[in-house]
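Residue numbering for the sequence shown follows this note's numbering, beginning at 7 and increasing consecutively.
Virtual Cβ for every residue (Gly too), placed ideally from N, Cα, C.
Take a look at the structure below.
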Amino acid sequence: MAVITFQLEHGLKAMGSGDEPLLYREVGLRELNTCDLLDAQQEAERIGFAANGKAVSYVSDVQYGLSLLRRQIEYIGEVRGPIDINFIRKLHVEDFDLIQRKAQELDQALAEDLAKRVEARGRSDSAG
């Protein structure tokens, strides 16, 4: 499973066991798996009411994206993932943006790798 690491500029502030302030900067992101996708979708499911008064369920795209991101974060310092949304809310906006960009880069790299493997498999299958 692919994991990338990088440093936050501002860091995540937390309290240590002795009430000493801590600042975590190192982040580890991992590739998502099927379980992550299903759990995030369930977490993002909401109930609303249609004009006729009937209850309908839907998935909030924003909540789904956040649920995926918090699962993709393997750790921030000593805080293990999935990261609680309250920790994400404490991040500086530049750090939050950096995590989102790095997650997108990881997802893109994995998609490109998969495409290359599928293409290579197609060539070897047609050669015989």
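Endpoints, beta strand (DSSP E) assigned at residue i
i   : result
A20 : V9 to M21
I79 : I79 to I82
E32 : P27 to R36
Selected residue, minimal CA-CA separation from residue i, among the options
i    : options                : result
E32  : A57, F55, L38 and L97  : L97
L116 : G24, G83, L35 and D103 : L35
D90  : V99, D103 and L74      : L74
D101 : L28, V9, A8 and L18    : L18
L72  : P88, N58 and H16       : P88
A61  : E51, A126 and E111     : E51
V68  : S23, E15 and E49       : E49
L43  : A20, P27, G22 and Y70  : Y70
T11  : E125, V124 and R107    : R107
H16  : Q114, Q110 and V99     : V99
Distance between beta carbons of residue j and residue i, contact taken as under 8 Å
i    : j   : result
R86  : L38 : Incorrect: roughly 16 Å between the Cβ atoms, too far for contact.
Y30  : E84 : 7 Å
I53  : S66 : Their Cβ separation, rounded to whole angstroms, is 11 Å, which puts I53 and S66 out of contact at 8 Å.
I82  : F93 : 7 Å
L120 : A8  : About 11 Å; that fails the 8 Å criterion.
L28  : M21 : 7 Å
Residues that residue i bridges to, as DSSP identifies them
i   : result
E51 : V65
V85 : I82
Continuous alpha helix (DSSP H) stretch holding residue i: start and end
i   : result
I94 : I91 to K96
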